[in-house]
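Peer 1: Read top to bottom, the protein sequences are chains A and B.
Heads up: the first sequence is residues 11 to 613, going by this note's numbering.
Heads up: the second sequence is residues 29 to 316, going by this note's numbering.
Cβ atoms here follow ideal geometry from the backbone N, Cα and C, with glycine treated the same way.
Quick one: the structure is below, and I'll ask about it shortly.
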Amino acid sequence: MSPSKKYTKIIITVIFICLLAITFLASLDNDFFSGKRNIRQKATAEEAFGFYLEPANKETKISFRHIAPEVDPKLNHIKRQIASMGAAVSVCDFDNDGWNDIYFTNSATGSKNALYRNLHNGEFEDVADKIQLADVNRKGTGVSMGAIWGDYDNDGFKDLLLYKWGKPELFKNMQGEKFERVTEGSGLPPWVNANSAIWFDFNNDGLLDIFIGGYYKEAFHLDSLNTTRIMPESFRYANNGGRNFLLKNTGSGKFEDVTKQYGLTSTKWTLAAAAADFNGDGYPELYIANDYNVDEFYLNKNGERFEEKGREAGVGHIPKSGMNASFGDIANDGNVGIYTTNITEKGILIQGNNYWQPRSERVAEHPSFVDIAQISGIENAGWSYGAQFGDLNNDGFMDLYVANGFISAKENTSYWYDYSKVTGGNSAIIGDAKNWPDMEGKSQSGYEQDKIWLNNSDGLFEDVSDRVCPAATYDGRAVAMADLWNRGVLDVIVANQNNIPLVYKNYAGNNNHWIAFELQGTVSNADAIGARAEVEWDGKKQAQIVTGGMGFSAQNQHRLHFGTGKSGNIDGVTIYWPSGHTDKIKNPEINKLHIIKESKPNN
Amino acid sequence: MQQEYKLENIPATTSFSQWLKNNFQYIPPAFITLILLVGQFTFGILDSYVTLVAAIATSMIAEIILARVVLGTWKNLASAYITGISVGILIRSNVIWPYVVTALLSILSKYVFRYKDRHLWNPSNFGISWMLALYSVNVAGLSIQWGSNLLAMSVIWVLGLIIVNRAKRLHVTVTYVISFIILAYVRCLITGDAFLAEVSPLTGPMYQLFIFFMITDPPTSVSTRKGRMIVVVLVAIVEFILRLNNLIYAPFFALFLVGPLAKFLDLRNNALNNRKHEKPGPGPGSVI
């Protein structure tokens, strides 16, 4: 071999070894979950990040514990996987006393849901039994998967839609004193295996309509099956899930199934939904996050029909495991994006979460989105479920809380290998539960800590999960944010599967300011669901939307909360009501909750 | 994966078969491209075209440069194309660099790990196994990320079997598949899982690429028919052991371990025999 060839070979070998070494070293130091937990104490965290989340279950006297659903004995070998959802949380001031209350769902047959009434002194009392919202998981009726609050009859009190793996139920709020079951004759479907539902007024007629997303086919009663062929036909292209329901409020407590008429005929495995107007025509679009397939984006055509435009909008190209849909304006430019969660398991499945940022202003007829989760640093969280944006330190930028963890069973075990055997196979194999390997008590993406990402105001988020709260590795499902103590800060509530919820009291150790708005529709629906508030200060403009449920099996407080940092002056707030009317308020007072009634269009 | 087929002894009965014989090296690249296109246009299997292009471009550019500076020759790029496209399909990542690095490692391995002037590892098997073994937060395999459609699977199987038959490697694929099925049955007796669960991976796309492109790769398989059958049985056995230890990417790792060792022994054995008979000669399919 000539000397030059010899040297060339040496150089190539060195390059090769360097590449091996670099990739090896890079793999050592990148984990989703830091090993260094709780390195900061409360005071240090408050100083460094401006907030600290302290578990307050004891202080609040919230003793609820979620119990997972029972399934047919034929599914016992994968019971933990099938019965992996149902822990939901929704926040509502059901008695209009100005304080947020909390509703938790339970999922075992015979178990009780809990409605924690805020006693204004930092304590909560479970009044669900007293006001007839507890005993809702009776045998034969299915079990609760989530609940959403909405004033469907515009009487000023929020009513409750309970969605289940079973018969959806509607409860009318009787002046905040008790609830009356009004399901019969309301037009709700007899059975839906639902893990998501939202209130929204898709035709802007002032009456709240309902979307319910089906997961398993509605023909199945999961606690008494006559088949084991209930599983998805593919890990990426499954269309054999439950059907969705679009229920139009026709007044007088009646709902009409207009699903087919409005073009929502997909049977993907829906896990989350959220609605907002993305093209400025006043009608809310519908984003649906699907498991085992692509997400869907339904363009609202003047309240008369929906057209699925997921691919055109850029959100429907890559099939993932969509489990969440929540809104947030992370750059204070008035552009509200959509955060969806998926699965990321080191070395096995790298789906990554998405933040779909609108490409254009809200005037484009056909909105489109670009995923900036990776460059924003909010892509990899783990096996994520619910997520919510909210300004946790009132610095004027929306932060992000993501619940993580699928099944925490035996420690240091993993079902992933077994899972990969069937999920990579043919539909005849994956689709039949009897082919799925016995879980034998194994964990799967278990013992994961929830993610808390702090918006650093420069488009980048910082992972502060291990520094702003004590370590907790429950199997997180639903996340809701609400000011539980009326202190002008957002507290966080996380419903954990088969476990206690986490009620975090937020200690915001800073002098940042805030402003909040409680919007009430007059021409629009009374809850003002679909209304958009844009707050402007110091050259920033942050937009938020009133929703009738978003995230995963969750609903935030109804009021919109804006942190404004050190700024002591708000230039103004503009409110775009679903009716098409706009209200503007100049220089609203800071550090105050403003209750704003929609003015009449001719005022 | 790499395919560097040079068919010998195919009877030139027609002009078409003569043309096929002369151009057979382009059939495997065409086949893998067909798999990709069918998958993409029926399901949209690719998460991004950019990553695929990055893998193919890296692979081909690396091959051009390395062949020139190491071997002093211009190489046919069919095998580099297959390596690139295989990396693009079999690796999954949300960022581009793993595609570039895996393709680069794959091609580099051909020029670094050499014995008797032949490379030992199947290039893409080396690159992909290395990246998957690191258990990185940026890289995963295809294992559970494709469709489950029976028709698409059947088309790929039929076409794949025809092509490996033309390449005179049908015995390799068939031996491996039979071994896998038998050992899947043994595994189901051990684990208590359903037989269909154990045999299920064979119905997935990762295995289709593995059995048609990777284990049949002429340059890295041994020189005798019997030897090749023994080697794939050994690959299946090592894979069986790795599977019992819950390794998702067991087939890649098994080939990574068995293939080069078998190739090394085969080359050494051939060299000894050649020396004895004073008849030196390259193995079948050798291009480099």
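1) Take the Cβ of His-87(A) as the centre, count every other Cβ of all protein chains shown within 10 Å, and call the residue buried at 16 or more, exposed below.
2) Please name the residue in Asn-506(A), Glu-546(A), Ser-563(A), Asp-593(A) whose C-alpha comes closest to that of Ala-538(A).
3) Quick check: Trp-366(A) and Asp-381(A), are their CB atoms within less than 8 Å of each other?
4) Per DSSP, Glu-318(A) forms a beta bridge with which residues?
5) Counting only runs of 4+ residues fully inside the stretch 203-266 of chain B, write out the alpha helix (DSSP H) ranges in chain order.
6) Express the C-alpha separation of Leu-118(B) and Val-78(B) in angstroms, rounding to a whole number.
7) Should the stretch 433-451 of chain A be regarded as contacting the stretch 460-475 of chain A, the criterion being three or more beta carbon pairs within less than 8 Å?
8) According to DSSP, Gln-530(A) sits in a beta bridge with which residue or residues?
9) CA-CA distance, Glu-36(B) and Tyr-308(A)?
10) For Asn-122(B), go through chain A and note every residue whose CB falls closer than 7 Å to its CB, in chain order.
11) Run the CB neighbour count on Val-289(B), radius 10 Å, all protein chains shown included, and call it buried at 16 or more, exposed below.
12) Please classify Tyr-213(B): is it buried, with 16 or more other beta-carbons within 10 angstroms of its beta-carbon, or exposed?
13) Verify the CB distance criterion: does Leu-94(B) have a CB-CB separation below 8 Å to chain A?
14) So with Cβ pairs under 8 Å, would you call Leu-63(A) a contact of chain B?
15) Give the secondary structure of Phe-15(A) by DSSP, where H, G and I count as helix, E and B as strand, and everything else as coil.
16) Residues of the stretch 141-168 of chain B with a CB closer than 8 Å to any CB of chain A: list them in chain order, please.
17) State the start and end residues of the unbroken alpha helix (DSSP H) segment that holds Gly-223(A).
18) Cutting at 7 Å between CB atoms, please list the residues of its own chain near Ala-419(A), excluding the five before and the five after it.
19) Quick check: what's the CA-CA separation for Val-489(A) versus Lys-270(A)?
20) Of all the residues that make up the stretch 159-182 of chain A, which are near chain B by a beta-carbon distance shorter than 9 Å?
21) Can a CB atom of chain A be found closer than 8 Å to the CB of Thr-231(B)?
22) To the nearest angstrom, how far is the alpha carbon of Ser-206(A) from that of Leu-35(A)?
23) Taking Pro-447(A) as the query, report the chain B residues whose CB atoms sit under 8 Å from its CB, ordered along the chain.
24) Determine which residues share a DSSP beta bridge with Gln-384(A) and list them.
25) Report the start-end ranges of each alpha helix (DSSP H) in the stretch 46-80 of chain A that is 4 residues or longer and not cut off at the edges.
26) List the whole-angstrom C-beta distance separating Gly-578(A) from Ile-595(A), where the pair is believed to meet the contact cut-off of C-beta under 8 Å.
27) Assuming Ile-63(B) and Ile-184(B) make a contact with CB atoms under 8 Å, what is their CB distance in whole Å?
28) Is there a Cβ from chain B that is less than 8 Å from the Cβ of Ile-357(A)?
29) Under a Cβ-count criterion, where at least 16 other Cβ atoms within 10 Å of its own Cβ denotes burial, should Gln-46(B) be classed as buried or exposed?
30) Evaluate Ala-55(A) with the Cβ neighbour count: other Cβ atoms within 10 Å of its Cβ, from every protein chain shown; 16 or more gives buried, anything less gives exposed.
31) In chain A, which residues lie less than 8 Å from Phe-71(B) when you measure between Cβ atoms?
32) When you compare only the Cα positions, how much space is there between Lys-84(A) and Gly-290(A)?
33) Return the chain-ordered list of same chain residues with a C-beta closer than 6 Å to the C-beta of Ile-510(A), the five sequence neighbours on each side being excluded.
34) Using the rule of at least 16 other Cβ atoms within 10 Å of the residue's Cβ for burial, across every protein chain shown, is Tyr-484(A) buried or exposed?
35) Please report how far the alpha carbon of Phe-52(B) lies from the alpha carbon of Leu-285(B), in whole angstroms.
36) May I ask you to report which of helix, strand or coil DSSP gives Gln-361(A)?
Peer 2: So, to answer that:
1) buried
2) Asp-593(A)
3) yes
4) Tyr-308(A)
5) Qualifying alpha helix (DSSP H) stretches, in chain order: 223-227, 233-237.
6) 15 Å
7) no
8) Gln-530(A) is bridged to Lys-607(A).
9) Residue confidence is low: Glu-36(B) scores 46 on pLDDT, short of 50, so the model does not pin down where it sits. Its coordinate-derived value is still stated next. Taking the straight line from one Cα to the other gives about 58 Å.
10) Ile-360, Gly-362, Gln-384, Glu-389
11) Note that residue 289(B) is Leu in the sequence shown, not Val. It counts as exposed.
12) Tyr-213(B) is exposed by the Cβ-count criterion.
13) yes
14) Judged by the 8 Å Cβ criterion, Leu-63(A) is not in contact with chain B.
15) The question names Phe, yet the displayed sequence has Lys at residue 15(A). In this structure, Lys-15(A) counts as helix in the three-state DSSP scheme.
16) Taking 8 Å as the Cβ-Cβ cut-off against chain A, the residues of the stretch 141-168 of chain B that qualify are Trp-158, Met-159, Leu-160, Leu-162, Tyr-163, Ser-164, Val-165, Asn-166, Val-167, Ala-168.
17) Looking at the DSSP string, Gly-223(A) is not in any alpha helix (DSSP H); the run it does join, the beta strand (DSSP E), is 219-226.
18) Around Ala-419(A): Arg-90, Gly-451, Lys-452, Ser-453, Gly-456.
19) 31 Å
20) none
21) yes
22) The straight-line gap from Cα to Cα measures roughly 42 Å.
23) The answer, in chain order, is Thr-219, Asp-221, Ala-222, Ala-225.
24) Answer is none; Gln-384(A) lacks a bridge partner.
25) 52-59, 67-70
26) Not a contact, Cβ separation roughly 17 Å.
27) 6 Å
28) Contrary to the premise, residue 357(A) reads as Gly rather than Ile in this sequence. It does: the Cβ of Gly-357(A) has a partner Cβ on chain B nearer than 8 Å.
29) With fewer than 16 other Cβ atoms within 10 Å, it is exposed.
30) buried
31) Arg-246, Tyr-247
32) Taking the straight line from one Cα to the other gives about 50 Å.
33) Arg-75
34) So Tyr-484(A) ends up on the buried side.
35) 29 Å
36) coil
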